Amino acid sequence: MAFHRRKSTIWLTAAAAAMALVAGGAAVVAISSSDGAALADGADKSLFVDITKVKPNVKKPRPENDATTGTFTVDCGRNENGHFNPDNFIAQPGVRNGAQHLHDYVGNLSTNADSNNQSLQAAGTTCKNGDKSAYFWPVVRIIDEEEAAEGGEEAGQEAGEQAPPKKDDKAQQDKDKAAKAAPQLECPDVASLLPEDVPEGAQAEIEKELENIEKVTEEAEKKVAATKAQDRDNVIVGPTREKRAAILNRMMLAFSRQGQQAPDLNPAAACAVEDKAQGEEGLDNGDANSDAAQAEGTENKQNQDNAEENAENELEGNEGEIQRPAVVDLTFRGSPTGKVVAMPKFLRVLYGDAKAGQNGPKNAKASWTCTGFEDKVLMDKYPICPQNSKVKRVHDFPSCWDGKNIDSANHRDHIVFPDQNGKCKRGFKAVPQLRISLTYNIPLEVQQDGRYLVDSFPEEEHNPLTDHDDFANVMSQKIMNRLVNCVNSGKKCRE
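Numbering of the sequence shown is given in my numbering, commencing with residue 184 and proceeding in unit increments.
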């Protein structure tokens, strides 16, 4: 199979439109023949541009007087354990190989197509502070010179320095699906109900009670599967509501003792069971992981039978040596217009569009740059960096939340980007903005030869416009509260 196939007019039109979106962007255009076909059979060098010839184009909102300048950085490693799969439980829930390209994961250790709140909460993590959130993005690969020259007829057999992932056998897949279909206890998020200003004198007590409310909730969750549907209200829901109400009351008293009006946390006491078999819907919070919602364009599960990548992590249209990032930086930042509130637990957030070439550039984001040149960012080109500079991807996630939902049908409407001045639209609240920065040691000659590429859907042909990233918040309420306090107080925290 040729590494680069014939390019469509749609791709070229979308790429040209995207260029106009980046103010002061690179003054280069894709070199192609009149019928839209790439001039070269191998690596398409028209997709690469010298970063030193790009004009600065990054415009930052001017911070207002009450801007929040703190940061909270989480150390979750560089995927040293080799957690890869071609799934996306947010955009393609329940679809094995739904992404058709390989994702690089840090954080949550269990993430696959059938992940849900319960499985994510129960899993381990690579994050040093215990953050169980899932952070994942498409891998970057290098094709060797022979592949580039021959158009990739012979697939590269190297998987980089990372070990190949363990394949999910049929028994594990059945187990994951059964767990996903099992009844689950859903409880309102508490950290996101707290005000922007938690008194310093109440912080320790608030963190203690947030930890207590999670313990009570987790204990109740363990009882759901073993309890008959008709007994759940008396055995689980009622007692859990009473315990949570007592904890929430203590939290409200902590505010009062500091002379601050306490937020009304009472609505967060009551939980509900989601049991599709019994017609019980659980909480009205956006129907996370709805199997009917498909953001990345696969409207059916035709890829289910082609789910397994081979031992070298190669997928159709995505061959070559996987590049582990030299640096993975996960940092949450404040807002230029004021303080932020907590993200709710299990919030799903997308960055970019994996099918931007087909869908158009509306949701695409400029991601590509070089270290030392972060004031220049490319959308539809890969950068060629000068000596002593490294290829870098910078992903700034949307940070304006609707205040209620942890997901939405298109996985975007519940959390959106602020305007050019950094302000959220009416009805939305500023939450900490996640920035994921990925830095790579890609040899200069590889960059100049146009031989590094991001994994993509086959029809996207490694279009740099399709760079994207995904995040699911599985931080404990205690960690999230600590994060918000750090950001709002202007501290620089690392965990």
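Ideal Cβ placement from N, Cα and C applies to all residues, glycine included. Here the structure is a predicted model, which means the values were calculated and not measured.
- Close CB contacts of V381 within its chain, under the 7 angstroms cut and outside five residues either way in sequence, are with I389, N668 (chain order).
- Annotation note: the segment 486 to 574 contains the following uninterrupted alpha helix (DSSP H) runs of length 4 or greater, listed N- to C-terminal: 539 to 542.
- According to DSSP, residue pairing for E464 in a beta bridge involves E457.
- Beta-bridge pairing by DSSP links K612 to W584.
- Comparing C-alpha distances from W551 to each of A387, H578, I662 shows the shortest one belongs to H578.
- When the beta-carbon positions are compared, L666 and F255 come within less than 8 angstroms of each other.
- The segment 589 to 606 makes no contact with the segment 504 to 514: fewer than 3 CB pairs, one atom from each, lie closer than 8 angstroms.
- E328 sits away from E457, with the two beta carbons spaced by 8 angstroms or more.
- If only complete runs of 4 or more residues are kept, the segment 418 to 445 shows the alpha helix (DSSP H) at 421 to 440, in order along the chain.
- Residue pairing from DSSP places C676 in a beta bridge opposite F255.
- Per DSSP, reduced to three states, the secondary structure at S229 is helical.
- The segment 607 to 617 makes no contact with the segment 258 to 278, as fewer than three CB pairs between them are under 8 angstroms.
- Under the DSSP definition of a beta bridge, Q367 partners with E457.
- Note on G535: 16 or more other CB atoms within 10 angstroms of its CB, so buried under the neighbour-count rule.
- Under the criterion of beta carbons closer than 8 angstroms, A317 and Y288 qualify as touching, at roughly 7 angstroms.
- For L636, the enclosing beta strand (DSSP E) has its first and last residue at 635 to 637.
- The count of Cβ pairs closer than 8 angstroms, one atom from the segment 357 to 368 and one from the segment 542 to 551, stays below three, leaving the stretches out of contact.
- Looking at the DSSP output, L621 bridges to V511, R576.
- In this structure, V629 is the residue among V629, V257, T622 with its C-alpha nearest to the C-alpha of E504.
- Contact between V399 and R427 is confirmed by a C-beta separation of about 6 angstroms, below the 8 angstroms threshold.
- When DSSP states are grouped into helix, strand and coil, T410 belongs to the coil group.
- Nearest Cα to K311 within the set C454, Y635, I396, V257: V257.
- For R324, there is no enclosing alpha helix (DSSP H); the enclosing beta strand (DSSP E) has its first and last residue at 323 to 325.
- Going by DSSP, D632 is part of the alpha helix (DSSP H) stretching over 627 to 632.
- Contact annotation: V323 and A296 have beta-carbon atoms that are not nearer than 8 angstroms.
- Scanning its chain for C-beta atoms nearer than 6 angstroms, with the 5 sequence neighbours on each side dropped, one finds around K661 the residues E390, L393, E394, in chain order.
- Out of I396, I419, A274, the CA that lies nearest to the CA of V407 is found in I419.
- V289: not part of any alpha helix (DSSP H); member of the beta strand (DSSP E) spanning 286 to 290, first to last residue.
- Here T308 carries a strand assignment [DSSP, helix/strand/coil].
- For L666, the enclosing alpha helix (DSSP H) covers residues 660 to 671.
- In the DSSP assignment, F654 falls within the unbroken beta strand (DSSP E) covering 651 to 655.
- Rounded to the nearest whole angstrom, the CA to CA distance from G673 to P527 is 21 angstroms.
- Shown here, V599 sits in a strand according to DSSP, grouped into three states.
- Taking a cut-off of 8 angstroms on C-beta distances, the segment 429 to 448 does not touch the segment 457 to 468, as fewer than three cross pairs fall below it.
- In the structure shown, N268 adopts extended strand secondary structure according to DSSP, grouped into three states.
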